[in-house]
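Down below is the structure, laid out as structure tokens.
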Amino acid sequence: MLGLVDLINDRPVHLNKYFDWAQKKIKELNDDSKWRNKIMDYETRLLEGKEEATIAGLKKLIAALRDFGGTNQQILHRLEIDYGDQFTKKELENFMKQA
Numbered sequence: 001m002l003g004l005v006d007l008i009n010d011r012p013v014h015l016n017k018y019f020d021w022a023q024k025k026i027k028e029l030n031d032d033s034k035w036r037n038k039i040m041d042y043e044t045r046l047l048e049g050k051e052e053a054t055i056a057g058l059k060k061l062i063a064a065l066r067d068f069g070g071t072n073q074q075i076l077h078r079l080e081i082d083y084g085d086q087f088t089k090k091e092l093e094n095f096m097k098q099a
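In the UniProt record's numbering, the protein residues as written are 1 to 99.
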């Protein structure tokens with residue numbers, strides 16, 4: 001199992017022919033610029049989707065906090081605590097307007 005962790009973390013592993021094959025294949029793929037660009041595009045789309053899902057969840061949270069009587073100031077304070085590392089105060093204020 002440790003060999004697999006080393007392989008994932010791009011450390012050399014020489015346990016058997018399967019690990020040797022996997023390392024060779026990974027190196028070939030990493031050296032292929034077309035493949036690398038496809039992977040980077042895919043990762044970017046995943047991150048964008050994750051951000052969209054976070055924003056949708058944020059808007060639902062805002063609506064729920066309003067339903068429970070939270071003021072805009074209280075809600076913004078809570079959002080800054082929970083999401084201030086991901087979004088600016090201005091962005092959070094905009095999400096509140098949209099919710």
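Built from N, CA and C at the ideal position, the CB exists for glycine as well.
Can you tell which of the options has the C-alpha that lies nearest to the C-alpha of residue i?
{"i": "LYS60", "options": "TYR42, ASP6, ASP31 and LEU92", "result": "LEU92"}
{"i": "ASP20", "options": "LYS50, ASP6, LEU76 and ASP31", "result": "ASP6"}
{"i": "GLN86", "options": "ASN37, GLU52 and LYS97", "result": "GLU52"}
{"i": "ILE26", "options": "ASN16, ARG11 and ILE62", "result": "ARG11"}
{"i": "ASP67", "options": "ASN37, GLY3 and ALA99", "result": "ALA99"}
Tell me where the alpha helix (DSSP H) around residue i begins and ends.
{"i": "ALA56", "result": "33 to 67"}
Taking only three categories from DSSP, how would you classify residue i?
{"i": "PHE87", "result": "coil"}
{"i": "ASN9", "result": "coil"}
{"i": "ALA22", "result": "helix"}
{"i": "LEU15", "result": "coil"}
{"i": "GLY70", "result": "coil"}
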